[in-house]
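Visitor:
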Amino acid sequence: MSAERAEKDGFYTPAYQLLAYKIRLTCRMRNYTRITAYDAKTKMTIPAADDNSCPSYDKVIDLIVDYAYDYDIDSPAAWTRAKAALIDALGAAIESIHTSPECAAMIGPVWPQTAPVPGGFRLPGTQFQVDALKGAFDLGGMIRYLDHNDAFPGAEWGHPSDNLGAILSTADILSREALARGNPDEVISMKQVLTALIKAYEIQGVFQIRNAFNKVGLDHVILVKVASSAMVSWLMGLSRDQARAVVSHAWADGHPLRVYRQAPNAGPRKGWAAGDACMRAVHLANLVRCGQPGIRSAITTPRWGFYDVLYRGQTFELPRPFTSWVMETVLFKVSTAEGHGLTAVEAALTIAEKLAQRGLRPEEDIVNIRARTQEAGMIIINKKGPLHNAADRDHCLRYMVAVVLLKGSQITTADYQDSSPWARDPRVETLRSITTMEEDPSFTRDYHDPQCRSVANALEVTLRDGTKLEELVPFPLGHVRRPETLQLVREKAQQNLGLKLSSERVGQILDTVDQPKFEKMAASDFVDLFIPQPASSAA
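Residues in the sequence shown are numbered from 1 upward in steps of one, following UniProt numbering.
#1: Return the residue from the list Val187, Arg445, Asn163, Phe475 that minimises the CA-CA distance to Arg144.
#2: When you compare the CB positions of Leu238 and Arg296, do they come within less than 8 Å of one another, or not?
#3: Should residue 540 go down as buried or exposed, given a rule of 16 or more other Cβ atoms within 10 Å for buried?
#4: Of all the options Lys520, Ser454, Leu499, which has the alpha carbon lying nearest to the alpha carbon of Leu477?
#5: Reducing DSSP to helix, strand and coil, say where Lys134 ends up.
#6: Using only CA atoms, which one of Phe306, Lys492, Gln515, Gln374 lies nearest to Thr413?
#7: Measuring alpha carbon to alpha carbon, tell me which of Arg361, Gln533, Thr436 ends up nearest Arg464.
#8: Suppose you measure from the CA of Val216 to the CA of Met231; what does that come to, to the nearest Å?
#9: Rounding to the nearest angstrom, what Cα-Cα distance links Tyr69 and Ala250 in this structure?
#10: According to the neighbour-count rule (16 or more other Cβ atoms, all chains shown, within 10 Å of its Cβ), is Cys54 buried or exposed?
#11: Measure the alpha-carbon distance for Asp62 versus Arg372 and round it to whole angstroms.
#12: Sort out for me which residues DSSP pairs Ser189 with in a bridge.
#13: Out of Ala166, Pro153, Gly466, point me to the one whose CA is closest to Phe207's CA.
#14: If you follow the beta strand (DSSP E) that Asn457 is in, where does it begin and where does it stop?
#15: To the nearest angstrom, report how far apart Met400 and Ala151 are at their CA atoms.
#16: Below 6 Å CB to CB, which residues in the same chain sit around Ala263 once its five sequence neighbours on both sides are set aside?
#17: Could you tell me whether the Cβ atoms of Lys225 and Ala298 are closer together than 8 Å?
#18: Is Asn368 helix, strand or coil when you go by DSSP?
#19: Could you compute how far the alpha carbon of Thr467 sits from the alpha carbon of Gln374?
#20: Enumerate in chain order the residues of its own chain whose CB-to-CB distance from Ile94 is below 7 Å, with the five nearest sequence positions on each side excluded.
#21: Rounding to the nearest angstrom, what Cα-Cα distance links Thr301 and Asp308 in this structure?
#22: In or out: Gly205 buried (at least 16 other Cβ within 10 Å) or exposed?
#23: Nearest CA to the CA of Asp66: which residue from Arg505, Ala456, Ala227, Glu438?
#24: Span of the alpha helix (DSSP H) holding Lys270?
#25: Is His479 near Leu331, with beta carbons less than 8 Å apart?
#26: Please report the distance separating the alpha-carbon of Lys517 from that of Ile73.
#27: In this structure, does DSSP put Thr195 in helix, strand or coil?
#28: Does DSSP put Gly341 in a helix, in a strand, or in coil?
#29: Within the same chain, show all residues whose beta-carbon is closer than 6 Å to that of Lys270, passing over the 5 residues directly before and after it, in chain order.
#30: Let me make sure I understand the geometry here. Which of Leu257, Leu510, Ala132, Trp325 has the alpha-carbon closest to that of Ala281?
#31: I'd like to know whether the C-beta atoms of Gly377 and Asn457 end up nearer to each other than 8 Å.
#32: In whole angstroms, what is the alpha-carbon distance linking Pro421 and Lys407?
#33: If we ignore side chains and look at the alpha-carbon of each, how far apart do Ala37 and Pro47 end up?
#34: Thinking Ser175 and Val187 are a contact (beta carbons under 8 Å), I'd like their distance in whole angstroms, please.
#35: Thr462: which of Glu429, Asp449, Asp365, Asp415 sits nearest, CA to CA?
#36: In its own chain, which residues sit with a C-beta less than 7 Å from the C-beta of Thr33, not counting the 5 before and 5 after it?
Written as structure tokens, this is what we have:
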């Protein structure tokens with residue numbers, strides 16, 4: 001019954017009727033709309049009964065699982081680069097806990113547990129032995145925390161080595177389980193780890209080419225969760241149908257917003273978001289392993305599925321088949337900078353050398369810095385105003401360029417930290433304030449061109465006397481087109497691993513990876529190489 005009908009029929013007292021009249025009069029005078037408790041005219045139409053026929057799994061889910069379970073990798077380049085990606089990611093992980101107190105504080109047993117988990121994952125660079133979920137979170141977060149692991153560009157941006165957090169932790173635990181049962185033939189080999197890694201790269205990267213999750217406000221770690229779900233299922237020996245179930249649950253999850261990666265909220269969560277995705281992938285695989293069914297049309301169901309709820313009714317576009325192309329072309333970060341700013345850092349280094357040759361001081365002699373970049377750079381690292389933390393600084397092109405010009409040398413991980421003198425240097429802010437950024441459409445076009453895939457930046461520095469110093473760098477160090485890339489990746493890994501491991505152990509790791517027998521090595525034996533010698537033993 002509507003409020004008007006109740007009032008007319010005398011259900012309310014005279015005092016209430018007077019009050020109701022005054023409310024109606026006020027609403028009319030102020031042009032308000034009054035909402036009644038019930039109005040038959042606005043009653044929601046009850047839809048027809050839903051079709052509850054059991055659907056087939058979505059085609060996208062089938063494509064992912066069929067690739068994960070069936071594709072044979074026959075590319076020598078993919079295998080070679082997968083080994084480089086492996087040691088690069090583990091080096092980045094050790095660098096994170098050595099350099100960042102924030103990262104180091106997050107890893108280790110889940111409260112209130114303190115003792116090592118028997119048969120658990122031995123976390124590289126530490127003495128911790130943790131459960132499967134915390135292991136995936138910790139390693140995934142460590143790899144990503146300093147933004148120093150590899151990158152893959154596209155309509156979406158991401159870091160495929162994030163997936164190693166789920167893959168290696170799962171492989172290690174499965175191998176220790178097999179050995180504990182007395183079944184050494186059932187361990188996960190390093191060839192299986194590399195296979196899972198190559199395929200996780202491919203799943204994530206092929207989606208990144210044309211599918212811009214950032215355009216709908218979702219973070220790219222959605223693809224870490226999906227790719228890791230498929231490959232953890234394969235490592236666990238789940239059936240193909242179980243793997244479909246796991247991947248379907250990955251798509252059905254509510255997904256993280258990109259808000260923590262963009263101004264004004266950029267912060268440390270962007271460092272552990274990948275670990276969170278790895279942990280979720282392992283959790284979903286374990287749930288299905290325990291008998292949970294899948295959600296067959298998790299992506300395509302009208303109104304309730306991923307497309308309609310989170311993707312604004314769009315559908316996925318996969319422009320190439322899943323092979324091993326992403327591993328063959330992934331960008332390694334041999335210097336510490338957000339991927340879309342790597343070439344700006346190289347350009348700044350060259351200009352810094354020219355300034356030094358002329359005896360000029362950047363903070364005094366530069367009057368303007370003009371940066372041309374790609375569309376992605378304009379979205380991700382185009383930032384003005386105060387920078388609040390290391391995560392903020394490593395996503396600011398103006399900061400990177402300013403520090404390099406002032407230092408006259410490569411920017412490092414330490415230069416982004418709160419404790420760095422550059423974080424408080426007024427000269428950095430002076431240079432940031434005179435730096436402008438703009439998109440160069442040709443850079444964006446080449447960035448998306450599969451035959452080019454440049455990550456170009458150009459700097460034009462105007463001096464006080466009117467002289468202009470210009471530098472354009474299309475392909476950064478670490479790009480597949482730079483012949484020195486793999487050697488630089490090895491040197492970077494050697495340096496990072498040495499932050500926690502002895503030089504003898506680092507040499508042993510690098511030699512082991514180069515040996516033909518490496519592929520047959522148990523994942524647990526490989527992980528053991530990354531455990532530092534306790535201080536008491538070293539003494």
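Built from N, CA and C at the ideal position, the CB exists for glycine as well. A quick note: this is a predicted structure, and the numbers were derived from the prediction, not measured.
Guide: The relevant details are as follows:
#1: Nearest of Val187, Arg445, Asn163, Phe475 to Arg144, Cα basis: Asn163.
#2: Taking a C-beta distance under 8 Å as the contact criterion, Leu238 and Arg296 do not qualify as a contact pair.
#3: There is no way to answer for residue 540, as the model of the chain reaches only from 1 to 539.
#4: The shortest Cα separation from Leu477 among Lys520, Ser454, Leu499 belongs to Ser454.
#5: Helix at Lys134.
#6: Comparing Cα-Cα distances from Thr413 to each of Phe306, Lys492, Gln515, Gln374, the minimum goes to Lys492.
#7: Cα-wise, what sits closest to Arg464 is Arg361.
#8: Taking the straight line from one Cα to the other gives about 26 Å.
#9: Spanning the alpha carbons of Tyr69 and Ala250 requires a straight line of approximately 17 Å.
#10: The residue in question, Cys54, is exposed, as its Cβ has fewer than 16 Cβ neighbours within 10 Å.
#11: Whole-angstrom Cα-Cα distance: 41 Å.
#12: Ala522, per the DSSP bridge assignment.
#13: Nearest option by C-alpha distance: Pro153.
#14: Its beta strand (DSSP E) spans residues 457-463.
#15: Each residue's CA atom was taken as its position, placing Met400 and Ala151 some 18 Å apart.
#16: Shown here for Ala263: same chain residues with a beta carbon closer than 6 Å to its own, the five before and five after excluded, namely Lys383 in chain order.
#17: Not in contact: Lys225 and Ala298 (Cβ atoms no closer than 8 Å).
#18: Asn368 falls in the strand class under three-state DSSP.
#19: C-alpha separation (whole angstroms): 25 Å.
#20: Excluding sequence neighbours, Ile94 sits near Pro124, Gly125, Asn496, Leu497, Leu499, Lys500.
#21: For Thr301 and Asp308, the distance between alpha carbons rounds to 8 Å.
#22: Counting Cβ neighbours within 10 Å, Gly205 comes out buried, since at least 16 surround it.
#23: Selected option, being the one with the closest Cα: Ala227.
#24: Here the alpha helix (DSSP H) through Lys270 covers 269-289.
#25: Between His479 and Leu331, the C-beta gap is smaller than 8 Å, which places the two residues in contact.
#26: Between the alpha carbons of Lys517 and Ile73 lies a distance of about 18 Å.
#27: If DSSP states are grouped into helix, strand and coil, Thr195 belongs with the helices.
#28: When secondary structure is reduced to three states using DSSP, Gly341 falls in the helix class.
#29: So the list reads Tyr260, Arg261, Ala391, once near-sequence residues are dropped.
#30: Closest by C-alpha distance to Ala281, out of Leu257, Leu510, Ala132, Trp325, is Ala132.
#31: In terms of Cβ geometry, Gly377 and Asn457 form a close pair [threshold 8 Å].
#32: Computed Cα separation, rounded: 11 Å.
#33: Per-residue confidence for Ala37 stands at a pLDDT of 44, beneath the threshold of 50, marking its modelled position as unreliable; the derived number appears in the next sentence. In this structure, the straight-line span from the alpha carbon of Ala37 to that of Pro47 is close to 22 Å.
#34: With 8 Å as the limit, Ser175 and Val187 qualify as a contact, their Cβ atoms being about 4 Å apart.
#35: With distances taken between Cα atoms, Thr462 lies closest to Asp365.
#36: With a pLDDT of 47 at Thr33, under the threshold of 50, the modelled position of that residue is not reliable, and the figure given next carries that caveat. Cβ within range, chain order: n/a, list empty.
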